[in-house]
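What follows is one structure encoded as structure tokens, with my remarks underneath.
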Amino acid sequence: MPCASVRAVNFSYFPRSILTLSHHLLLKIRYCIPPQRCKVSKCRDEDCDDFLPWLENKAGVRISSLLAIGNSDYGRSLFACKSIQAGDSLLKVPFVLQISPDNVLPDIKPFLTDSVGAVAKLALVILVEQKKGQKSEWAPYISRLPQHGELHSTIFWSENELKMIQQSSLYQETIDQKAQIKKEFLAIKPVFDRFPDIFEGVNFENFKHAYGLVASRAWESMKGQSLIPFADFLNHNGTSQSVLVSDEYRQLSEVIADRDYVPGEEVFIRYGRFPNSVLVLDFGFTVPNNMYDQVCIQVDIPYDDHLRAMKLDLLQKNCLPKLKDAYFSSSGGSFIMKEVRSARGKGKGIPQSLRAFARVLCSSSPQELNDLALEAVQQDGRLARRPLINRSLEIQAHEILLSQIDKLIANNNMSIEAVDAEFTNCRRFSIRRQMAQDLLTGEVRVLRSASAWLTNYCQLVRSNRKQL
């Protein structure tokens with residue numbers, strides 16, 4: 000897990016104090032850094048001893064008296080340097096210290112088209128400040144960002160490394176993301192050509208690295224996406240209840256401790272309830288046994304199905320274009336499946352839209368499809384969300400899903416075995432291999448839970464029980 004990879008949940012709340020503009024200016028004039036600052040000796044990062052004092056001098060206010068920068072297994076991290084109690088304010092970073100797309104040079108802004116997104120604009124800011132070197136006002140921050148080769152998002156994986164996750168939908172998502180980055184680079188390249196004195200020597204690899212830095216660290220804020228120095232040293236823990244809070248009234252971002260910490264203990268925040276497929280693509284790390292893991296399953300209507308056109312028409316007319324857990328295309332649907340906690344429960348985790356799709360898929364006559372359409376009109380408008388009256392078809396529909404899921408389990412297990420067999424002395428490859436293992440094993444866990452539930456459900460239908 001790289002340090003400072005953060006995507007936060009942001010919201011405003013009522014302020015706890017009011018600071019007038021004149022008082023704020025007075026603070027900036029009189030504020031000074033105490034000579035003794037808290038340190039974390041066991042994991043202290045001596046290269047960063049001057050970072051927080053520099054940042055606080057730049058802001059003119061205290062940012063944190065409870066945290067210090069140290070080194071963990073994940074790189075630079077934030078540790079408690081004093082006892083912390085749940086409810087304590089861990090840090091407060093004023094908006095004036097946050098880097099947003101507004102920081103793009105005024106001379107460059109007119110040449111950026113609408114196709115250039117916020118992440119690409121922030122990447123442009125990073126590139127400009129990198130070229131300035133020590134002359135940059137952000138040099139202490141920019142110089143401490145991960146260097147080339149230190150980011151592990153799948154957009155930086157080699158073709159050989161990507162083959163490890165070829166069974167996962169993340170493989171295609173990575174290819175799509177790389178294509179999007181290339182597209183934004185081509186949209187920005189005329190700016191590089193127009194300002195050669197600023198962007199001399201900048202190529203696609205430089206842009207992709209800057210893009211990856213922003214994508215793995217940017218926080219959603221009132222300005223859109225922003226980089227927040229110091230706060231982005233916080234690492235992720237999926238069980239943490241601490242999130243970044245953006246307070247528009249007080250013009251600052253804050254993190255509140257969700258539990259007690261003792262001095263020397265690493266302090267965590269939750270970036271979001273993300274599965275490993277999101278964590279590895281956006282942030283470049285994985286979490287073993289991630290409780291939020293999920294699988295994207297693709298189910299298509301065969302081209303040789305003589306009712307294919309009628310089924311697709313029925314699905315398109317009765318399904319919303321975009322659902323939380325499903326997306327319908329011209330050939331079928333993609334569905335997001337989460338872990339089913341109990342094989343004898345209600346199947347929470349398996350999308351109802353997926354089960355409905357399977358019921359439509361197994362229909363063998365126009366009359367059966369018409370009956371489904373009529374039932375939807377007479378009930379709540381949703382297509383095939385109730386068990387089929389014909390129990391044989393109901394079993395067949397769920398056995399179709401069971402068969403496909405069992406195949407995915409077998410294929411993923413083969414991929415895991417292949418990944419386990421890989422041996423290398425390269426530390427970077429070892430890190431990415433472990434990430435691939437975490438991703439695939441998490442997906443297998445989700446698939447196995449769905450398989451167990453579907454097996455049990457089919458047995459219930461066969462036994463003619465009413466617990467559907």
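Residue numbers are given in numbering that gives the first Met the number 0: position 14 of the sequence shown equals residue 13, and the series is strictly consecutive.
Just so it is clear, CB atoms sit at the ideal spot from N, CA and C, and this is done for glycine as well.
Report all residues from its chain with a CB closer than 6 Å to the CB of G348; omit the five preceding and five following residues, and keep chain order. Your numbering for residue 348 matches position 349 in the sequence shown. Hits under 6 Å: K337, E338, V339.
Taking the straight line between their C-alpha atoms, what separation do you get for H397 and I174? Stepping through the sequence shown from its first residue, residue 397 is reached at position 398. Stepping through the sequence shown from its first residue, residue 174 is reached at position 175. If you take the alpha carbons of H397 and I174, they lie about 32 Å apart.
Inter-residue spacing [alpha-carbon to alpha-carbon] between V294 and R426: The residue labelled residue 294 in the question sits at position 295 within the sequence shown. The residue labelled residue 426 in the question sits at position 427 within the sequence shown. C-alpha separation (whole angstroms): 28 Å.
Would you call T285 buried or exposed, if buried means 16 or more other Cβ atoms sit within 10 Å of its Cβ? The residue given as residue 285 occupies position 286 in the sequence shown. T285 should be labelled buried.
Assuming L251 and K91 are in contact, meaning their beta carbons sit under 8 Å apart, how far apart are those beta carbons, in whole angstroms? As a first step, residue 251 must be located in the sequence shown, where it is residue number 252. As a first step, residue 91 must be located in the sequence shown, where it is residue number 92. With a Cβ gap of about 5 Å, L251 and K91 count as contacting.
Here's the rule: buried if 16 or more other CB atoms are within 10 angstroms of the residue's CB, otherwise exposed. What is P105? Counted from its first residue, the sequence shown places residue 105 at position 106. Per the 10 Å Cβ criterion, exposed.
Less than 9 Å between the C-beta atoms of S241 and I227, yes or no? Numbered from its first residue, the sequence shown carries residue 241 at position 242. Numbered from its first residue, the sequence shown carries residue 227 at position 228. Going by C-beta atoms, S241 is not nearer than 9 Å to I227.
Are the CB atoms of D405 and S352 within a distance shorter than 9 Å? The residue you call residue 352 lines up with position 353 of the sequence shown. The residue you call residue 405 lines up with position 406 of the sequence shown. Going by C-beta atoms, S352 is not nearer than 9 Å to D405.
Contact set for Y291: own chain, Cβ-Cβ below 7 Å, skip 5 residues either direction: As a working note, residue 291 is residue 292 in the sequence shown. Cβ neighbours of Y291 beyond the five flanking positions: G237, R272, F273, P274.
Considering only their Cβ atoms, is the gap separating E183 from V118 smaller than 9 Å? Against the sequence shown, residue 118 aligns to sequence position 119. Against the sequence shown, residue 183 aligns to sequence position 184. Contact: yes.
What is the rounded straight-line gap between the Cα of L77 and the Cα of S220? The residue given as residue 77 occupies position 78 in the sequence shown. The residue given as residue 220 occupies position 221 in the sequence shown. Distance between the alpha carbons of L77 and S220 is about 22 Å.
Taking the alpha helix (DSSP H) that E55 falls in, what are its first and last residues? Indexing the sequence shown from 1 puts residue 55 at position 56. That run of the alpha helix (DSSP H) goes 50-58.
By the three-class DSSP mapping on this structure, what secondary structure does C47 have? Residue 47 sits at position 48 when you count from the first residue of the sequence shown. Under the three-state reduction of DSSP output, C47 falls in the helix class.
What distance in whole Å lies between the Cβ atoms of I300 and K310, which are believed to be in contact at a cut-off of 8 Å? Reading the sequence shown from its first residue, position 311 is the one you call residue 310. Reading the sequence shown from its first residue, position 301 is the one you call residue 300. Rounded, the Cβ-Cβ distance is 5 Å, consistent with contact.
9 Å Cβ cutoff met for P100 and Q224: The sequence position of residue 100 within the sequence shown is 101, counting from 1. The sequence position of residue 224 within the sequence shown is 225, counting from 1. Yes, the Cβ-Cβ distance between P100 and Q224 is below 9 Å.
Would I125 pass as a contact of V266 if the rule is Cβ separation under 9 Å? Within the sequence shown, the letter at position 126 stands for residue 125. Within the sequence shown, the letter at position 267 stands for residue 266. No.
What is the DSSP secondary structure of P262, counted as helix, strand or coil? In the sequence shown, counting from the first residue as 1, residue 262 sits at position 263. Reduced to three states, the DSSP call for P262 is coil.
Tell me whether the beta-carbon of A355 lies closer than 9 Å to the beta-carbon of A383. Here residue 355 is taken as the residue at index 356 of the sequence shown, counted from 1. Here residue 383 is taken as the residue at index 384 of the sequence shown, counted from 1. Yes, these two residues count as a Cβ contact at 9 Å.
Nearest CA to the CA of A209: which residue from S71, G441, S152? Position 210 of the sequence shown, counted from the start, is the residue given in the question as residue 209. If we check each option's Cα against that of A209, S152 comes out closest.
Since N455 and A342 are thought to touch, with beta carbons under 8 Å apart, how far apart are those beta carbons, to the nearest angstrom? Position 456 of the sequence shown holds residue 455. Position 343 of the sequence shown holds residue 342. So it is a contact: roughly 5 Å between Cβ atoms.
What residue from S276, L360, F327 has the CA that sits closest to D303's CA? By 1-based counting over the sequence shown, the position of residue 303 is 304. Measuring from the Cα of D303, the nearest candidate turns out to be L360.
Thinking just about the alpha-carbon of each residue, which of A138, Q377, E367 is nearest to the one in I98? As a first step, residue 98 is located in the sequence shown; it is residue number 99 there, counting from the start. Of the candidates A138, Q377, E367, the one whose C-alpha sits nearest the C-alpha of I98 is A138.
State the CB to CB distance for the pair I388 and R461, rounded to an integer number of angstroms; the pair is presumed to be in contact (CB under 8 Å). By 1-based counting over the sequence shown, the position of residue 388 is 389. By 1-based counting over the sequence shown, the position of residue 461 is 462. Going by Cβ atoms, the distance from I388 to R461 rounds to 16 Å, so no, they are not a contact pair.
Quick check on the burial criterion: 16 or more other C-beta atoms within 10 angstroms. Buried or exposed for R390? Indexing the sequence shown from 1 puts residue 390 at position 391. If you draw a 10 Å sphere on the C-beta of R390, you find fewer than 16 other C-beta atoms in it, and that means exposed.
How would you call H23, buried or exposed, if buried means at least 16 neighbouring beta carbons within 10 angstroms? Sequence index remark: in the sequence shown, residue 23 carries index 24 (1-based). Caution is warranted here: a pLDDT of 33 is assigned to H23, below 50, making its placement in the model unreliable, and the coordinate value is therefore given only provisionally. So H23 ends up on the exposed side.
Check whether the stretch 427-439 touches the stretch 184-197, counting contact only when three or more Cβ pairs, one atom from each stretch, lie closer than 8 Å. no
Which whole-angstrom value describes the C-beta separation of L368 and L306, a residue pair presumed to lie in contact below a C-beta threshold of 8 Å? Counted from its first residue, the sequence shown places residue 368 at position 369. Counted from its first residue, the sequence shown places residue 306 at position 307. At roughly 7 Å, the Cβ-Cβ gap stays under 8 Å, so L368 and L306 are in contact.
Span of the beta strand (DSSP E) around P93: For the purposes of this step, residue 93 is taken as residue 94 along the sequence shown, with counting starting at 1. Counting along the chain, the beta strand (DSSP E) containing P93 begins and ends at 88-93.
Selected residue, minimal CA-CA separation from L313, among L392, V244, R381: Along the sequence shown, read from residue 1 onward, the residue named residue 313 stands at position 314. Comparing Cα positions, the closest option is R381.
Thinking just about the alpha-carbon of each residue, which of S71, A79, A308, V60 is nearest to the one in L96? Translated into positions along the sequence shown, residue 96 becomes position 97. Selection S71, A79, A308, V60 evaluated against L96 yields V60 as nearest (Cα-Cα).
Tell me the rounded alpha-carbon separation between L169 and S276. Taking the first residue of the sequence shown as 1, we reach residue 169 at position 170. Taking the first residue of the sequence shown as 1, we reach residue 276 at position 277. Taking the straight line joining both Cα atoms gives about 6 Å.
Could you check the C-alpha separation between P189 and M413 for me, to the nearest Å? Here residue 189 is taken as the residue at index 190 of the sequence shown, counted from 1. Here residue 413 is taken as the residue at index 414 of the sequence shown, counted from 1. C-alpha separation (whole angstroms): 46 Å.
Could you tell me which residues DSSP pairs with I335 in its beta bridges? Translated into positions along the sequence shown, residue 335 becomes position 336. Answer is C295, bridged to I335.
Kindly give me the distance between the Cβ atoms of I154 and G211, rounded to whole angstroms, as I take these residues to be in contact under 8 Å. Here residue 154 refers to the residue found at position 155 when the sequence shown is read from its first residue. Here residue 211 refers to the residue found at position 212 when the sequence shown is read from its first residue. Their Cβ separation, rounded to whole angstroms, is 6 Å, which keeps I154 and G211 in contact under 8 Å.
Apart from the five residues just before and just after L280, which ones in its own chain have a Cβ nearer than 7 Å to its Cβ? Here residue 280 refers to the residue found at position 281 when the sequence shown is read from its first residue. So the qualifying residues of the chain are S152, T153, L169, E172, T173, Q176.
Is it right to say Q377 is buried, meaning 16 or more other beta carbons lie within 10 angstroms of its own, or is it exposed? As a first step, residue 377 is located in the sequence shown; it is residue number 378 there, counting from the start. Counting Cβ neighbours within 10 Å, Q377 comes out exposed, since fewer than 16 surround it.
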